[in-house]
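> With the first letter of the sequence shown counted as 1, position 43 gets the number 335 in this note's numbering; the numbers rise by one all the way through.
For every residue, glycine included, the Cβ atom is placed at its ideal position computed from N, Cα and C.
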Amino acid sequence: MSKKGLPENFKLRHDSHYVELLTSRGAGAPVGRMIPIDKLAPNPLQPRVEIGDLSELVLSIREKGVLEPILVRPSDVGGRFMIISGERRYRASMEAGLAELPCIEMDVDDREVAEISLIENLQRKDLTAFEEADGLVALAKRFGYKHEDIARKLGKARTSVTETISIANIPPDVRDMCRRADIASKSMLLQVARQPTDEEMREFVYKIGVAGLTRDQAREMRQGKPQTVRNFTYQYDDPTNKWSLTIKFRKPETSNEELADALKETLAAIES
């Protein structure tokens, strides 16, 4: 018996979001049905850059089936279908050995296909801040959308869309600096993007990477407030409570080797 995409007694479904709004404008309602996996093909213009690790999704599909149908439209090749969204589920299902998949067949044109693909990509949970920012910019440029339009389609606040888009202004070399400095949170990247010039962005990221500033400290630095970087402090209390030892380093972090060297130097100074 061939493997099926849906578990038993499970109806085709698709979460209510902008995809349904698009199809409601069309000539007919989308059609849900099972389609042989060898009749499906990815969208060659899919905006996703990387598919990512599929191992967990493959295991989930093997155990529970495909719970979320993929969106397709008839291809120019007879009897075949192009995937509009759901390529990760399609590829994971192939690895899981499924013979057919639950699909929602849609009657949409090339523009709507591109729009759905971009929006579906932006609704991924594993997007980095840079990927989200670049995706929003692509949506705005390709379809001439204003920030208010994008916010409405994605169910986000306009201010959130505007802030995220500003991250796309960070130049490639500064993005690389952010990655090397492990600056990935949207709040920190917004502080970087708000610097007036590219050079000030570079200086800002360098200071964050070296000093290990928190988000609030970074905001204060951007506003020109004096910074107090918390230095690393080592403290040892004698079990008998007769004495304690405190060593402060003039930097936020230190290694055990550096701490041991400092203790040796202190002992040598006392004995000299």
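Which term fits I343, buried or exposed, when burial requires 16 or more other beta carbons within 10 angstroms of its beta carbon?
Here residue 343 refers to the residue found at position 51 of the sequence shown. Its Cβ having fewer than 16 others within 10 Å, I343 is exposed.
> Counting only the same chain and skipping the five closest in sequence on each side, list residues whose C-beta sits under 7 angstroms from that of A384.
Taking the sequence shown and counting its residues from 1, the one referred to as residue 384 is at position 92. For A384, where only same-chain residues beyond five positions count, the Cβ hits under 7 angstroms are L346, L349, V350, I353.
> If we count the other Cβ atoms within 10 Å of its Cβ and call it buried at 16 or more, is R434 buried or exposed?
As a position in the sequence shown, residue 434 is number 142, starting the count at 1. R434 is exposed by the Cβ-count criterion.
> Quick one: Cα of Y382 to Cα of I329, how far?
Your numbering for residue 382 matches position 90 in the sequence shown. Your numbering for residue 329 matches position 37 in the sequence shown. Whole-angstrom Cα-Cα distance: 8 angstroms.
> Tell me whether the region 409-422 and the region 441-450 touch, counting them as touching only if at least three CB pairs, one residue from each stretch, are closer than 8 angstroms.
Yes, the region 409-422 touches the region 441-450.
> Cα-Cα, which of S377, G389, E387 is closest to V364?
Working through the sequence shown from its first residue, we reach residue 364 at position 72. Of S377, G389, E387, the residue nearest in Cα terms is S377.
> Contact check, A560 vs I539 under 8 angstroms by CB: the rounded distance?
On the sequence shown, position 268 is the one that residue 560 refers to. On the sequence shown, position 247 is the one that residue 539 refers to. Rounded, the Cβ-Cβ distance is 14 angstroms, inconsistent with contact.
> Determine the closest residue to T489 out of V466, S479, I475, K478, with distance taken between C-alpha atoms.
The residue given as residue 489 occupies position 197 in the sequence shown. Ranking V466, S479, I475, K478 by Cα distance to T489 puts V466 first.
> In whole angstroms, what separates the C-alpha of S479 from that of A388?
Counting from one through the sequence shown, the residue named residue 479 turns up at place 187. Counting from one through the sequence shown, the residue named residue 388 turns up at place 96. So the alpha carbons of these two residues sit roughly 38 angstroms apart.
> Does the contact criterion of 3 or more C-beta pairs under 8 angstroms hold for the region 425-439 versus the region 389-396?
no
> In three-state DSSP terms, what is I408?
The residue labelled residue 408 in the question sits at position 116 within the sequence shown. Here I408 sits in helix by DSSP.
> Is P361 near G324, with beta carbons less than 8 angstroms apart?
As a position in the sequence shown, residue 361 is number 69, starting the count at 1. As a position in the sequence shown, residue 324 is number 32, starting the count at 1. Yes, they are a contact pair.
> Using 10 angstroms around the beta-carbon of S409, count the other beta-carbons present and answer buried if the total reaches 16, otherwise exposed.
Looking up residue 409 in the sequence shown gives position 117. By the 10 Å Cβ count, S409 comes out buried.
> Helix, strand or coil: which one does DSSP assign to K331?
If you number the sequence shown from 1, residue 331 lands on position 39. Here K331 sits in helix by DSSP.
> Nearest CA to the CA of A421: which residue from M326, R471, S536, I500?
For the purposes of this step, residue 421 is taken as the residue at position 129 of the sequence shown. The option with the nearest alpha carbon to A421 is R471.
> Quick one: is T456 buried, meaning 16 or more other Cβ sit within 10 Å of its Cβ, or exposed?
By one-based count along the sequence shown, residue 456 stands at place 164. When all chains shown are included, T456 counts as buried.
> From what residue to what residue does the beta strand (DSSP E) around E397 run?
Sequence index remark: in the sequence shown, residue 397 carries index 105 (1-based). 392-397 is the span of the beta strand (DSSP E), which, as asked, contains E397.
> What three-state label does DSSP hand L349 in the structure shown?
As a working mapping, residue 349 is identified with position 57 in the sequence shown. Helix at L349.
> To the nearest angstrom, how far is it from the Cα of A333 to the Cα of M326?
Residue mapping note: residue 333 aligns to position 41 of the sequence shown, counting from 1. Residue mapping note: residue 326 aligns to position 34 of the sequence shown, counting from 1. One C-alpha to the other measures close to 15 angstroms.
> Looking only at DSSP bridge pairs, what is Q527 linked to?
Reading the sequence shown from its first residue, position 235 is the one you call residue 527. In DSSP, Q527 forms a bridge with T538.
> Out of D530, E440, T525, which has the shortest C-alpha to C-alpha gap to E550?
Taking the first residue of the sequence shown as position 1, residue 550 is located at position 258. Nearest C-alpha to E550: T525.
> So I500 and A473 are in contact, right, with Cβ under 8 angstroms, and what is the actual spacing, rounded?
By one-based count along the sequence shown, residue 500 stands at place 208. By one-based count along the sequence shown, residue 473 stands at place 181. Sure, about 6 angstroms apart at Cβ, within 8 angstroms.
> Ends of the alpha helix (DSSP H) at V484?
The residue given as residue 484 occupies position 192 in the sequence shown. It spans 478-485 - the alpha helix (DSSP H) in which V484 sits, taken as one unbroken run.
> Would you decide whether N523 is buried or exposed? Buried here means 16 or more other CB atoms lie within 10 Å of its CB.
Your numbering for residue 523 matches position 231 in the sequence shown. By the neighbour-count rule (16 or more Cβ atoms within 10 Å), N523 is not buried but exposed.
> Taking 8 angstroms as the limit between beta carbons, can you name the residues of its chain near S452, skipping five residues before and five after?
What you label residue 452 is simply residue 160 of the sequence shown in a count that begins at 1. Result list for S452: A443, in chain order.
> If you draw a straight line from the C-alpha of E557 to the C-alpha of P544, how long is it?
As a position in the sequence shown, residue 557 is number 265, starting the count at 1. As a position in the sequence shown, residue 544 is number 252, starting the count at 1. In a straight line, the C-alpha of E557 is about 20 angstroms away from that of P544.
> For R380 and L537, what's the separation of their Cα atoms in angstroms?
As a first step, residue 380 must be located in the sequence shown, where it is residue number 88. As a first step, residue 537 must be located in the sequence shown, where it is residue number 245. Approximately 57 angstroms, taken between the alpha carbons.
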